[in-house]
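S.K.: Here it is, the structure, as structure tokens.
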């Protein structure tokens with residue numbers, strides 16, 4: 010399955026410490042053509058930090074409520090854990106800026 014950066018996916022998020030998993034939305038950030046990809050989780054808990062990007066209207070992408078992309082919670086996900094790929098987010102430039110901000114802060 011080839012995913013595009015900015016694509017919102019529904020995936021099985023595995024819990025490493027507690028075991029088990031939950032179905033959660035995420036946005037694809039990097040897909041290199043192998044068996045996994047880098048994603049940022051999406052939460053319905055609205056946050057207002059420099060690392061969170063609000064999605065006011067996510068309905069076209071399958072999000073039923075206003076949500077936030079958690080740029081600083083990046084995760085590597087096996088493509089086998091993708092349950093559904095929905096639509097592209099219209100906030101690709103915002104994701105890029107927030108991700109650049111998070112990386113810049115860490116290396117200053």
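Residue numbers (my numbering): 10 to 117.
Even glycine gets a Cβ: it sits at the ideal position worked out from N, Cα and C.
Source: prediction; values computed, not measured.
By Cβ distance below 7 Å, which residues in the same chain neighbour residue 52 in space, the five residues on each side in sequence not counted?
M.R.: 76, 77 and 79
S.K.: Express the C-alpha separation of residue 28 and residue 38 in angstroms, rounding to a whole number.
M.R.: Taking the straight line from one Cα to the other gives about 25 Å.
S.K.: Between the region 45-61 and the region 84-98, can you find at least three pairs of beta-carbon atoms closer than 8 Å?
M.R.: Of all C-beta pairs linking the region 84-98 to the region 45-61, three or more are shorter than 8 Å, placing the two stretches in contact.
S.K.: What is the C-beta distance between residue 91 and residue 11, in whole angstroms, given that I count them as a contact (C-beta under 8 Å)?
M.R.: Their Cβ separation, rounded to whole angstroms, is 11 Å, which puts residue 91 and residue 11 out of contact at 8 Å.
S.K.: Would residue 34 be called buried (16 or more neighbouring beta carbons within 10 Å of its own) or exposed?
M.R.: buried
S.K.: With distances taken from CA atoms, which of 95, 89, 22 and 42 is nearest residue 67?
M.R.: 95
S.K.: Quick check on the DSSP output: what are the complete beta strand (DSSP E) runs of length 3 or more inside the region 29-62, in order along the chain?
M.R.: 30-40 and 45-52
S.K.: So for residue 68, helix, strand or coil by DSSP?
M.R.: helix
S.K.: Give the range of the beta strand (DSSP E) segment to which residue 22 is assigned.
M.R.: For residue 22, the enclosing beta strand (DSSP E) stretches over residues 16-23.
S.K.: Would residue 69 be called buried (16 or more neighbouring beta carbons within 10 Å of its own) or exposed?
M.R.: exposed
S.K.: Mark residue 32 as exposed unless 16 or more other C-beta atoms lie within 10 angstroms of its C-beta, in which case mark it buried.
M.R.: exposed
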